[in-house]
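K.L.:
Quick note: the sequence shown uses our numbering, first residue 302, plus one each step.
A virtual CB, placed ideally from N, CA and C, is assigned to each residue, including glycine.
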Amino acid sequence: MAEPVLEATGLTRHFGGLAANLDVHLSLETGVLHALLGPNGAGKSTCINMLSGDLPPTRGTIRYRGRDITRLTAHQRSRVGIGRSYQRTNIFAQFTALENCRLAAQSRNQRPWRIFTDALRFTDTLERARAALVEAGLGARENVIAGTLSHGEQRQLEIAMVLATDAQVLLLDEPLAGMGSDESAQMVDLLKRLKQSRAILLVEHDMDAVFAVADRITVMVNGVVLESGPPEQIRASREVQEAYLGENAEEEGAHV
Ligand SMILES: Nc1ncnc2c1ncn2[C@@H]1O[C@H](COP(=O)(O)OP(=O)(O)OP(=O)(O)O)[C@@H](O)[C@H]1O
Ligand SMILES: [Mg+2]
Numbered sequence: 302m303a304e305p306v307l308e309a310t311g312l313t314r315h316f317g318g319l320a321a322n323l324d325v326h327l328s329l330e331t332g333v334l335h336a337l338l339g340p341n342g343a344g345k346s347t348c349i350n351m352l353s354g355d356l357p358p359t360r361g362t363i364r365y366r367g368r369d370i371t372r373l374t375a376h377q378r379s380r381v382g383i384g385r386s387y388q389r390t391n392i393f394a395q396f397t398a399l400e401n402c403r404l405a406a407q408s409r410n411q412r413p414w415r416i417f418t419d420a421l422r423f424t425d426t427l428e429r430a431r432a433a434l435v436e437a438g439l440g441a442r443e444n445v446i447a448g449t450l451s452h453g454e455q456r457q458l459e460i461a462m463v464l465a466t467d468a469q470v471l472l473l474d475e476p477l478a479g480m481g482s483d484e485s486a487q488m489v490d491l492l493k494r495l496k497q498s499r500a501i502l503l504v505e506h507d508m509d510a511v512f513a514v515a516d517r518i519t520v521m522v523n524g525v526v527l528e529s530g531p532p533e534q535i536r537a538s539r540e541v542q543e544a545y546l547g548e549n550a551e552e553e554g555a556h557v
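1) Within this structure, are the beta carbons of glutamine 395 and isoleucine 349 separated by less than 8 Å?
2) Would alanine 510 and serine 485 be called neighbours here (beta carbons separated by less than 8 Å)?
3) Which same chain residues, not among the five before or five after valine 514, have their C-beta less than 8 Å away from its C-beta?
4) Thinking C-beta only, is glycine 354 closer than 8 Å to threonine 331?
5) By Cβ distance below 7 Å, which residues in the same chain neighbour glycine 479 in space, the five residues on each side in sequence not counted?
6) Does the distance from the CB of leucine 458 to the CB of isoleucine 501 come in under 8 Å?
7) Can you find a C-beta in chain D that's less than 8 Å from the C-beta of arginine 378?
8) Starting from the C-beta of proline 532, find all residues in its chain whose C-beta is less than 6 Å away, skip the five residues before and the five after it, and write them out in chain order.
9) Which whole-angstrom value describes the C-beta separation of serine 379 and threonine 466, a residue pair presumed to lie in contact below a C-beta threshold of 8 Å?
10) How would you write the range of the beta strand (DSSP E) that leucine 471 sits in, first residue to last?
11) What does the alpha-carbon distance come out to for the pair threonine 310 and alanine 398?
12) Let me check understanding here. Comparing Cα to Cα, which of Gly344, Leu319, Arg314, Ile383 lies closest to valine 306?
13) Is lysine 345 close to ligand 1? I mean its beta-carbon at under 7 Å from any heavy atom of the ligand.
14) Which residues in the same chain as asparagine 523 place their Cβ atom closer than 7 Å to its Cβ, once the five residues preceding and following it in sequence are excluded?
15) Taking the C-alpha atoms as reference points, what is the distance between glutamine 388 and leucine 338?
16) Mind checking whether leucine 312 and proline 358 have CB atoms under 8 Å apart?
17) Cβ of aspartate 474 versus every heavy atom of ligand 2: is any distance shorter than 7 Å?
18) Which same chain residues end up closer than 8 Å to phenylalanine 393 when comparing Cβ atoms and leaving out the 5 residues on each side of it in sequence?
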């Protein structure tokens with residue numbers, strides 16, 4: 302098995318008396334798309350928040366290429382190579398797509414204000430922003446005001462912003478939420494391309510999309526990992542069916 306890029310062990314987060322994550326183990330590798338599933342409130346976003354550094358864990362260890370990064374801030378983790386997108390769209394609506402990506406690319410630099418005095422760095426940031434837009438399929442939309450992009454394009458832009466930081470690990474919280482079937486299909490294609498050279502953790506409720514792209518799946522319920530393994534194992538698991546997939550299939554018409 303390949304060496305994990307990002308590995309969480311014993312990851313635990315309490316909110317008062319609630320264990321939103323309890324002893325979660327997750328391992329991400331380059332070239333592998335790992336889906337994190339579970340019903341509403343299972344603890345998926347809490348898990349991403351701890352991996353990204355937005356939320357300190359109560360207990361547990363997070364390692365990036367073997368190095369303990371549990372105490373690094375979100376900004377420091379971004380510089381190390383960990384990027385995340387948010388469950389709710391999180392862009393500067395009044396700026397163009399390119400400006401959004403440039404701001405993201407700048408945020409990776411240690412002293413962003415130097416950008417304004419350092420022409421070389423400026424060019425570098427601009428190039429990185431452009432490359433990220435192209436990779437996310439928005440190359441032709443760089444000068445469009447972000448708030449006027451379609452919903453699907455806005456979600457693509459959020460991924461482009463993560464790519465602009467040069468992230469090697471992508472933590473994506475429901476990137477397909479609110480998308481129509483054409484937009485979802487495009488996003489699935491994008492995820493397939495992106496996973497070739499990066500490690501991806503995908504939180505997603507759309508089962509068709511998950512089973513189309515996931516190489517590995519972890520199912521969480523009530524903050525605890527119920528099962529983790531290849532898609533066939535998850536699909537066949539009676540426990541998972543009972544706890545999540547069966548109920549999800551009925552409610553959302555998913556084919557599992
Ligand atoms: N900042 C917080 N303070 C208190 N409780 C929280 C906080 N964040 C999350 N929780 C609680 O932790 C549990 C897990 O929430 P989380 O947002 O991680 O779930 P989720 O799996 O992402 O759900 P969804 O599918 O609805 O996005 C829930 O019971 C939630 O109410
Ligand atoms: Mg969530």
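P.N.:
Let me spell this out:
1) Going by C-beta atoms, glutamine 395 is not nearer than 8 Å to isoleucine 349.
2) A distance below 8 Å separates the beta carbons of alanine 510 and serine 485.
3) Excluding residues up to 5 positions away in sequence, Leu334, Ala336, Val489, Leu492, Lys493, Lys496, Leu503 lie with their Cβ nearer than 8 Å to the Cβ of valine 514 in the same chain.
4) Contact flag unset, no.
5) Sequence-distant Cβ neighbours of glycine 479 in its own chain, meaning closer than 7 Å and more than five residues away, are His452.
6) No, Cβ-Cβ distance for leucine 458 and isoleucine 501 is not below 8 Å.
7) Protein chains in the displayed structure number just one, and chain D is not present.
8) If we look at proline 532 and ignore the five residues flanking it on each side, its Cβ neighbours are Phe512, Ala515, Ile518.
9) 5 Å between Cβ atoms; contact.
10) Unbroken beta strand (DSSP E) run through leucine 471: 470–474.
11) Computed Cα separation, rounded: 37 Å.
12) The candidate whose alpha carbon is nearest that of valine 306 is Ile383.
13) Checking every heavy atom of ligand 1 against the Cβ of lysine 345, one is found closer than 7 Å.
14) Non-local beta-carbon contacts of asparagine 523 in its own chain, meaning distances under 7 Å to residues more than five positions away in sequence, involve Ala343 in chain order.
15) Straight-line measurement puts the Cα of leucine 338 at about 14 Å from the Cα of glutamine 388.
16) In contact: leucine 312 and proline 358 (Cβ atoms closer than 8 Å).
17) Yes.
18) Annotation for phenylalanine 393: Glu400, Asn401, Leu404, Ala447 place their beta carbon closer than 8 Å to its own, counting only its chain and skipping 5 residues before and after.
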